[in-house]
Amino acid sequence: MKRLFGAFGLFVLLAAGFAPTHAQDEPLKIVASFSILADVVKNIAGDSAEVVSLIPPDADPHAFQPAPQDVALLAEADVIFINGANLEEGLLEVIENAGEKMNLVVVSQCVPILPGVQDHTDGEAHNEVDMSEIAVLCEKHHEEIGEAETPNMLYALDCGHEEESDDHGVCDPHVWTDPQNVILWTLFIRDALIQLDPGNADTYTANAAVYIQQLDALVKDEILPALAAIPEENRVLVTNHESMGYFAAAYGFEIAGSVIPSSSTLAEPSAGDIARLIDVIEANDIKAIFAEVNVNADLVQQVSDESGAEFYVLYHTLSNTDGPASTYLEMMRYNVQTIVTALSK
Ligand SMILES: [Zn+2]
684 MKRLFGAFGL
694 FVLLAAGFAP
704 THAQDEPLKI
714 VASFSILADV
724 VKNIAGDSAE
734 VVSLIPPDAD
744 PHAFQPAPQD
754 VALLAEADVI
764 FINGANLEEG
774 LLEVIENAGE
784 KMNLVVVSQC
794 VPILPGVQDH
804 TDGEAHNEVD
814 MSEIAVLCEK
824 HHEEIGEAET
834 PNMLYALDCG
844 HEEESDDHGV
854 CDPHVWTDPQ
864 NVILWTLFIR
874 DALIQLDPGN
884 ADTYTANAAV
894 YIQQLDALVK
904 DEILPALAAI
914 PEENRVLVTN
924 HESMGYFAAA
934 YGFEIAGSVI
944 PSSSTLAEPS
954 AGDIARLIDV
964 IEANDIKAIF
974 AEVNVNADLV
984 QQVSDESGAE
994 FYVLYHTLSN
1004 TDGPASTYLE
1014 MMRYNVQTIV
1024 TALSK
């Protein structure tokens, strides 16, 4: 099972046989595991595809358990995109047991992975596996965006699996909190779509270029100028679970602690964990605590009440269309604005 997250080519073909041949005159049927990824895929696939998010907006991806109709949806898909790095904890067994031929693409394979908070092994590299195809692709992608390659890309790591440890793995799956990683997703999704549907290669290439421009502009014209308003000494985040590690690393923030001391929401904090976190908040005079909408609100409220740090909501998946985070770009704007409001006081 853990090999699913390890070293693979662009597609992992599940079960025996060949990938279904896509009929040229019909739109591609694409399933993405969660709402943020579905939005990114839509930007690249454009009108040539039907894109569905398996885990609905506003649902916690860590806790999702698929229903029988979800399995049917997976079986009908031409391709399934997932984040990997143990985000889709409740989904993988179902995908593996569906007994159908499925094209599974792990979009974070070329993303440099941060260790999860309760790291045991520091993401050991598994060099004995032949990763030449994916290694070459990742090298190309990093070159394309003018970024140096790092040794800790997902394809070269073993993130473990929940059965092997009580903390649901050693990799932090929240790569999308740094838009640079979403640019790497975009290149990976583009190349997977081209491989699956070469007739529309020009469309996928053009769409990816436009979206990458938007992501670049989001960082340079919006995120960086907005965050500049936060004084250096206030650049400290306390979150509900360890969901902002990539954001913190990208923009020079420190993570002081989290209510659930894990990169999954499925772990449970002890009374000691909560008491220690309150001590950290008080000792460092931390004014804000950030929690994902719909997750663990009672406990976060308790920490907020006892420590005096104000409770702010961040989005960790997309909202429904009438919410403030109906696309990835909107979600990042909302989260950054919330952080700026909370920490520039
Ligand atoms: Zn999370």
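684 is the number of the first residue of the sequence shown in my numbering; add one for each residue after it.
Cβ atoms here follow ideal geometry from the backbone N, Cα and C, with glycine treated the same way.
Note the first and the last residue of the continuous alpha helix (DSSP H) segment covering residue i.
i     : result
S815  : 815-827
T860  : Unbroken run through T860: none, as it is neither H nor E.
T1024 : 1011-1026
A900  : 884-900
A971  : Careful: A971 lies outside any alpha helix (DSSP H), inside the beta strand (DSSP E) at 971-975.
V983  : 980-990
L920  : No alpha helix (DSSP H) contains L920, which is instead part of the beta strand (DSSP E) from 919-924.
A933  : 928-934
E965  : 954-966
Taking just the CA atoms, how far does residue j sit from residue i?
i     : j     : result
S946  : T922  : 11 Å
I727  : V734  : 11 Å
T860  : F930  : 5 Å
R873  : A889  : 9 Å
H809  : N769  : Bear in mind that a pLDDT of 42 at H809, under 50, signals an unreliable position, so the model cannot answer this.
T1010 : E771  : 20 Å
E1013 : P1007 : 7 Å
A875  : I913  : 39 Å
N1018 : G829  : 27 Å
V963  : G991  : 12 Å
D753  : D841  : 27 Å
M836  : E925  : 19 Å
D741  : L982  : 19 Å
P671  : P710  : Since the first residue of the chain shown is 684 and the last is 1028, residue 671 is not available in this structure.
N977  : D743  : 8 Å
Q878  : I765  : 17 Å
C854  : A839  : 12 Å
A1030 : T1000 : Shown here, the chain extends from 684 to 1028; a query on residue 1030 therefore has no answer.
E916  : V986  : 22 Å
A933  : L898  : 14 Å
Y887  : G729  : 8 Å
K685  : Q792  : Confidence at K685 is low in this model, with a pLDDT of 37, below 50, so its placement is unreliable and no value can be given for it.
V794  : P834  : 10 Å
P739  : H824  : 30 Å
E905  : F747  : 32 Å
Does the separation of the CB atoms of residue i and residue j fall below 8 Å?
i     : j     : result
L997  : F973  : yes
L1026 : A971  : yes
L787  : F871  : no
V714  : L757  : yes
L910  : M1015 : no
A760  : M785  : yes
G773  : V789  : no
V919  : I969  : yes
V723  : T869  : yes
I961  : E993  : no
G935  : L797  : no
State the beta-bridge partners of residue i as determined by DSSP.
i     : result
A732  : L711
H999  : Paired residues: none, contrary to the question.
E772  : Note: E772 sits in no beta bridge, so no partner.
C842  : Answer is none; C842 lacks a bridge partner.
P1007 : Note: P1007 sits in no beta bridge, so no partner.
L787  : V695, I763
E937  : V919
C854  : P798
F994  : I972
I943  : H924
Just curious, the beta strand (DSSP E) that residue i is in, first and last residue?
i    : result
I913 : Neither: I913 is in no beta strand (DSSP E) and is coded neither H nor E.
| request: Kindly confirm or deny that the segment 865-882 and the segment 950-962 touch, where touching means at least three C-beta pairs closer than 8 Å. | output: no
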